[in-house]
Amino acid sequence: MRLRRMATACACAVVVAASLGSVSASAHGPRPPKPQDQSLKALAARHNLYFGTAVDVNAYADAGDPQYKTMVNQQFNTVTAENAMKWESLEPTRGVYNWGPADAFVAEAIRNRQLVRGHVLTWHSQLPGWLTAGINDGSIGPAEARALLKQHITAVVSHFKGKIWQWDVVNEAVSDPWETPSAIHLGGNTGSFKQKWADTLGPDYVADAFRWARAADPKALLFYNDYNLEAFGDGGPGDKTQFVYDLVKRLRSQGVPIDGVGSQGHLGTRYGNYDVFQASEALQKFTDLGLAVAFTEVDVRSLMKNADDPAADANPADVASRDQAAAFNHWVLLQACLMNRHCLSFTVWGFTDRYSWIPNWFKNPPEGSGCLWDADYQPKKSLRTVQGTLLASTPLARIPQTPRR
Numbered sequence: 303m304r305l306r307r308m309a310t311a312c313a314c315a316v317v318v319a320a321s322l323g324s325v326s327a328s329a330h331g332p333r334p335p336k337p338q339d340q341s342l343k344a345l346a347a348r349h350n351l352y353f354g355t356a357v358d359v360n361a362y363a364d365a366g367d368p369q370y371k372t373m374v375n376q377q378f379n380t381v382t383a384e385n386a387m388k389w390e391s392l393e394p395t396r397g398v399y400n401w402g403p404a405d406a407f408v409a410e411a412i413r414n415r416q417l418v419r420g421h422v423l424t425w426h427s428q429l430p431g432w433l434t435a436g437i438n439d440g441s442i443g444p445a446e447a448r449a450l451l452k453q454h455i456t457a458v459v460s461h462f463k464g465k466i467w468q469w470d471v472v473n474e475a476v477s478d479p480w481e482t483p484s485a486i487h488l489g490g491n492t493g494s495f496k497q498k499w500a501d502t503l504g505p506d507y508v509a510d511a512f513r514w515a516r517a518a519d520p521k522a523l524l525f526y527n528d529y530n531l532e533a534f535g536d537g538g539p540g541d542k543t544q545f546v547y548d549l550v551k552r553l554r555s556q557g558v559p560i561d562g563v564g565s566q567g568h569l570g571t572r573y574g575n576y577d578v579f580q581a582s583e584a585l586q587k588f589t590d591l592g593l594a595v596a597f598t599e600v601d602v603r604s605l606m607k608n609a610d611d612p613a614a615d616a617n618p619a620d621v622a623s624r625d626q627a628a629a630f631n632h633w634v635l636l637q638a639c640l641m642n643r644h645c646l647s648f649t650v651w652g653f654t655d656r657y658s659w660i661p662n663w664f665k666n667p668p669e670g671s672g673c674l675w676d677a678d679y680q681p682k683k684s685l686r687t688v689q690g691t692l693l694a695s696t697p698l699a700r701i702p703q704t705p706r707r
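Going from the sequence shown to my numbering is simple: count from 1 and add 302.
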């Protein structure tokens with residue numbers, strides 16, 4: 303009898319517990335979605351961080367692939383036009399602007415309550431053919447080139463005034479250690495500016511570009527944007543991050559209206575990995591100058607062939623290793639951003655391998671697989687790592703940047 307009573311009591315307890323659990327669940331409403339089913343913008347909102355992507359406007363408008371547009375709208379709350387706002391796209395014929403694709407992109411973003419990163423005002427690449435040819439053959443001299451650059455910046459920023467959150471005002475102006483440098487240097491650092499604009503106009507064009515952009519829109523945040531800024535090196539001649547730091551420090555001291563530095567975050571798994579404190583220190587040094595920071599073009603590419611046999615596809619072990627390395631690198635950059643209260647946004651340069659720029663650019667040896675989703679829109683380890691990091695990290699209050707006058 304005693305055993306039967308104990309069994310009966312246990313059974314009753316189970317029924318009561320189940321009933322209470324049911325009442326509790328009902329009282330609190332439906333269960334929240336699983337973390338991996340939440341959007342990146344929703345997970346990032348816990349940190350007051352904007353999570354963005356570069357957008358291929360042709361893929362976005364392609365009725366044959368509606369999933370691309372759906373994911374852009376559902377996953378991200380800041381967007382960057384991958385190509386539609388570059389000079390060659392906006393003014394393919396001198397004096398004739400083609401605003402249509404860029405206007406449509408910005409209008410869609412506003413409709414979807416997404417903030418827009420304007421990319422890019424001043425860059426040595428993807429210039430219209432008429433401008434490149436004129437500078438190269440001397441038919442466009444320094445004075446005219448300067449006037450054209452001022453006119454372009456003023457026209458573009460004025461056209462989108464009030465609609466752009468962050469502008470990449472000057473992009474990739476600084477040489478890499480392996481490049482043949484121009485003779486233009488800054489202070490005691492023997493790094494150099496890339497040719498084209500610096501050789502044509504002199505290094506002061508950087509400050510001028512920011513002043514022209516501020517005059518056209520007093521409320522947009524103005525960024526210097528570059529790659530290989532994820533960590534400092536030894537501070538010597540080959541330290542690009544140190545050169546950029548010295549540059550923006552000098553601009554700030556001169557009252558140039560620069561508001562932030564964009565670290566692109568184009569990484570590759572076959573190179574040495576940074577640790578999170580190296581990346582965090584780089585961001586902190588820039589924010590100590592009174593600047594905002596953002597990761598602006600993040601992807602982590604991998605070799606797509608066997609390193610020992612370039613004619614053969616990578617073996618499964620290589621694929622597993624590269625996917626883990628890619629996830630780690632995404633984690634390093636995101637965690638560094640989350641640790642810095644002045645890091646305003648984290649943007650990936652395309653979210654699906656289907657439309658990634660990487661295979662078209664890195665062909666020898668072939669590289670790819672740099673995005674969070676694969677070419678079939680299936681999530682990768684990098685995506686799961688990003689989602690987990692946003693969920694598990696302790697939220698810090700972001701400090702918004704005020705445009706500098």
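For each residue, glycine too, the CB sits at the ideal point set by N, CA and C.
All figures in this text were calculated on a predicted structure; none of them were measured in a lab.
Q: Take residue 246 and list the residues in its own chain whose beta-carbon comes closer than 7 Å to its own, dropping the five residues that flank it on each side.
A: With the chain running from 303 to 707 in the structure shown, residue 246 is simply not present.
Q: Kindly indicate which three-state DSSP category residue 436 falls into: helix, strand or coil?
A: helix
Q) Would a C-beta distance cut-off of 8 Å place residue 393 and residue 358 closer than the cut-off? A) no
Q: Take the Cβ of residue 564 as the centre, count every other Cβ of all protein chains shown within 10 Å, and call the residue buried at 16 or more, exposed below.
A: buried
Q) When we look at the beta-carbon of residue 395 and count the other beta-carbons within 10 Å, is it buried (16 or more) or exposed? A) exposed
Q | When 518, 569 and 474 are compared against residue 464, the one with the closest alpha-carbon | A | 518
Q: Excluding the 5 residues preceding and the 5 following residue 642 in the sequence, name in chain order all residues of the same chain whose CB lies nearer than 7 Å to its CB.
A: 582, 585, 586, 589 and 595
Q | Coil, strand or helix - residue 492 by DSSP | A | Bear in mind that a pLDDT of 40 at residue 492, under 50, signals an unreliable position, so the model cannot answer this.
**Q.** residue 703 (DSSP reduced to helix, strand or coil)
**A.** coil
Q. Could you give the distance in angstroms between the alpha-carbon of residue 400 and the alpha-carbon of residue 387?
A. 10 Å
Q.
In this structure, how does DSSP classify residue 395 when only helix, strand and coil are distinguished?
A. strand
Q: Return the CA-CA distance between residue 690 and residue 340, expressed in angstroms with no decimal places.
A: 11 Å
Q: Using beta-carbon positions only, say whether residue 525 and residue 501 come within less than 8 Å of one another.
A: no
Q. How is the beta strand (DSSP E) around residue 468 delimited, first residue to last?
A. 468-473
Q.
Quick check on the DSSP output: the beta strand (DSSP E) that includes residue 380 runs from which residue to which?
A. 380-383
Q | Local Cβ density within 10 Å of residue 398, reported as buried at 16 or more and exposed below that | A | exposed
Q) Any heavy atom of the ligand FAD closer than 7 Å to the Cβ of residue 632? A) Ligands displayed in this structure: none; no statement on the ligand FAD is therefore possible.
Q) Just the Cα atoms here: how many angstroms apart are residue 715 and residue 699? A) The shown model of the chain, from 303 to 707, leaves out residue 715, and the question about it has no answer.
Q | Within 8 Å, strictly: CB atoms of residue 423 and residue 515 | A | yes
(Q) Let me check one thing: in DSSP terms, what residues is residue 421 bridge-paired to? (A) 470
Q.
Starting from residue 454, trace the beta strand (DSSP E) in both directions and tell me its first and last residue.
A. Taken as a continuous stretch (DSSP letters only), residue 454 belongs to no beta strand (DSSP E), being part of the alpha helix (DSSP H) at 444-461.
Q: Apply the 10 Å Cβ neighbour rule to residue 542 and answer buried if 16 or more other Cβ atoms are within range, or exposed otherwise.
A: buried
Q.
Taking its Cβ as the centre, do 16 or more other Cβ atoms sit within 10 Å of residue 279, making it buried, or is it exposed?
A. Beyond the ends of the chain as shown, which are 303 and 707, falls residue 279; an answer cannot be given.
Q | Beta-bridge partners of residue 527, as assigned by DSSP | A | 473 and 564
Q: Mind listing, in chain order, the continuous alpha helix (DSSP H) runs of no fewer than 4 residues lying wholly within the segment 494-518?
A: 499-503 and 507-518
Q) Does the Cβ-Cβ distance between residue 557 and residue 544 come in under 8 Å? A) no
Q | Residue nearest to residue 580 in terms of C-alpha spacing, selected from 550, 623, 633 and 591 | A | 633
Q: State yes or no: is the C-beta of residue 713 within less than 8 Å of the C-beta of residue 469?
A: The requested residue 713 is not part of the displayed model; the chain covers only 303 to 707.
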